[in-house]
Amino acid sequence: MIEKRLKQLRLVNGLSLDGLAAQLGGFVTKQALSKYERGMAKPSPVVLNKLASVLGVKAVSLWTEPTISCSFIAYRKGSGLTKHEQTRVEALVYGLLEERIRLRDLLHEPAKMTLPIKGFHVKAIGDTEAFAKELRNVWGAGLEPIASVTGTLEDHSVFVAEIEANERFDGVSAVAYDAEQNLSAAAVASRRSLPGERQRLNLSHELAHLVLDVPEPINEEKAAFRFAGAFLAPDETLYREVGRKRAFIPAAELLLLKQRFGMSLQALIYRLHDLGIISDSHYRQWFMDINRLHWKKQEPSPLPSEQPMWLRKSVLRGVAEGLLTEEDGMKMLGESMKMKEPVSLVERRAFMKLPLLDRRKIMARQAKEIAAHYEKDASWKDLEGDDIVDY
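So the mapping is simple: this note's numbering equals the position in the sequence shown, first residue as 1, plus 638.
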């Protein structure tokens, strides 16, 4: 299976065939690499090790059979992603999904899939209001603002990934199936380093693509945005917060709502207009003001981005239980790991490094301290033979 793995890893590293040949220092030609990826030739063990080193994996990884098949759902129309960029993103997300499923299985965590993949059949865009509310209900989220979209997704076995990608990339969703074509996992990916309000909307939008079944001629993007808005700010809650009809909403109030619901000003204005809370003219005026104030790309009071926790928590657990090496953990997290040893273990190791004479002196002092303790506490002397149990 080297042809599939080689191409996947090359794309994950953002390399063309020419780029990989250059990284190999001319050790292998572009033509030879192309043959490897098309299954027309097999690399020698020496070439295989060189490839693995450049791609940052173990040689055995290049021969590993893929454990999942992956289906990608809906890039934003008009995103401007080139075919090469799209292929790289998919290779990256595929690798992340496969890795996280392997880690989940290693830890024997059950896959609590409570996600109705393409389970909500949209007949009109307005249907998404009820579907967002239904999913929140299934997940026990109620109608209050969601404190962490990332945490909510991870609590329901949806992997959340942040990836380095072109600024034209907003997000993508994917579904993984095992060898028997059973649903194994779902994932949503967003671009790294986005403000929290954009990240939350992107993740909710990609969640919509996972659960909505949108037939033509309904605009799938509009349906996904409507679902995302309803998921983040349910109609009942928003009516309670701002009222059912407003002639004017000032910027200061919108900024408070931004903090409350974790949504951008622009998404909030769309939501208020969708629900008929503000008029067409007030809606248009607000977007004129946003352009005038240069808030379209950078809004005031940005929210901190949410950090996915499942991967970090699971890697730390795996390393602590000896299921993963620290090296494997560092590769998964993309950063160094310093596992703090228990104090007792540190002390024992320090003790064993002492010269024998020093160790004997310490042990003798501790023996005297223990003897003195039992001389003061005579309760142990009252124990009768029948009270002592041999285990």
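Just so it is clear, CB atoms sit at the ideal spot from N, CA and C, and this is done for glycine as well.
* Buried or exposed: G778, going by 16 or more other Cβ atoms within 10 Å of its Cβ? -> exposed
* To do: Find out if the Cβ-Cβ distance for the pair K771, L850 is shorter than 9 Å.
  => no
* Between L994, V684, L791 and F665, which lies nearest to L848 when the distance is taken from Cα to Cα? -> For L848, the nearest C-alpha among the options comes from L791.
* Cβ neighbour criterion (16 or more within 10 Å) applied to N775 -> exposed
* Asked: What residue range is occupied by the uninterrupted alpha helix (DSSP H) comprising G900?
  -> In the DSSP assignment, G900 falls outside any alpha helix (DSSP H), carrying neither H nor E.
* Does DSSP put A785 in a helix, a strand or coil? -> coil
* CB contact flag (R838, V787, <9 Å) -> yes
* Asked: Which term fits S902, buried or exposed, when burial requires 16 or more other beta carbons within 10 angstroms of its beta carbon?
  -> The Cβ neighbour count for S902, taken over all protein chains shown within 10 Å, is at least 16; the residue is labelled buried.
* Within this structure, are the beta carbons of A825 and V852 separated by less than 9 Å? -> Between A825 and V852, the gap from beta carbon to beta carbon reaches 9 Å or more.
* To do: Taking E800 as part of the alpha helix (DSSP H), name the residues at either end of that continuous run.
  => Premise fails: E800 lies in the beta strand (DSSP E), V796 to I801, not in any alpha helix (DSSP H).
* Sorted by chain position, which residues of the same chain lie with C-beta nearer than 7 Å to G867's C-beta, five sequence neighbours on each side aside? -> A905, Y908, R909 and D912
* **Cα-Cα separation, G733 to N687** => Straight-line Cα distance between these residues: approximately 20 Å.
* Within 10 angstroms of its Cβ, does P993 collect 16 or more other Cβ (buried), or is it exposed? -> Answer is exposed; the Cβ neighbour count stays below 16.
* Asked: Does the beta-carbon of M977 have 16 or more other beta-carbons within 10 angstroms, so that it is buried, or is it exposed?
  -> No answer about M977 holds up, because its pLDDT of 48 lies below 50 and its placement is not dependable.
* Asked: Looking at C-alpha atoms only, which residue of E964, R955 and N857 is the closest neighbour of L744?
  -> R955
* Out of R878, K991, G652 and L962, which has the shortest C-alpha to C-alpha gap to E782? -> Selected option, being the one with the closest Cα: R878.
* DSSP state of R648 mapped onto helix, strand, coil -> helix
* Please confirm whether R643 and S699 have their CB atoms less than 9 Å apart. => yes
* Asked: Once you ignore the five residues that flank A827 on each side, which residues in its own chain have a CB closer than 7 Å to its CB?
  -> V731, A799, I801, G809 and V810
* Of the choices M751, T766 and T752, whose alpha-carbon is the least far from that of F758? -> T766
* **Run of the alpha helix (DSSP H) containing G967, from where it starts to where it stops** => Segment E964 to L971, the alpha helix (DSSP H) holding G967.
* Tell me the start and end of each unbroken alpha helix (DSSP H) in the region 653-705 that is at least 4 residues and wholly inside, in chain order. => 655-661, 668-675 and 683-693
* Measuring CB to CB, does V666 end up less than 9 Å from V695? -> In this structure, the beta-carbon distance from V666 to V695 does not fall below 9 Å.
* With which residues is S709 paired in a DSSP beta bridge? -> V813
* Asked: Which value, in whole angstroms, describes the spacing of the CA atoms of V760 and F863?
  -> 13 Å
* C-beta atoms of A803 and R738 nearer than 9 Å -> no
* To do: Identify which residue in E736, I640, M678 and P704 has its Cα closest to the Cα of M970.
  => E736
* Taking C-alpha atoms, which residue in M1001, V957, L653 and A749 lies nearest to V727? -> L653
* Asked: Going by the beta-carbon positions, is the gap between L931 and R806 smaller than 9 Å?
  -> no
* Between which two residues does the beta strand (DSSP E) containing A749 stretch? -> Premise fails: A749 is in no beta strand (DSSP E) and is neither H nor E.
* Same chain, Cβ closer than 6 Å to E844, neighbours up to 5 away in sequence not counted -> G809, S811 and V826
* Is it true that the CB of K896 sits closer than 9 Å to the CB of E818? -> At a Cβ-Cβ threshold of 9 Å, E818 and K896 do not count as neighbours.
* Between the Cα of A690 and the Cα atoms of G789, L658 and S672, which residue gives the shortest distance? -> The residue with the shortest Cα to Cα distance from A690 is L658.
* Enumerate in chain order the residues of its own chain whose CB-to-CB distance from I706 is below 7 Å, with the five nearest sequence positions on each side excluded. => L735, E736, I739, A814, Y815, D816 and S822
* The beta strand (DSSP E) spanning A825 covers which residue range? -> L821 to R829
* Would you identify the three-state DSSP class for F869, choosing helix, strand or coil? => helix
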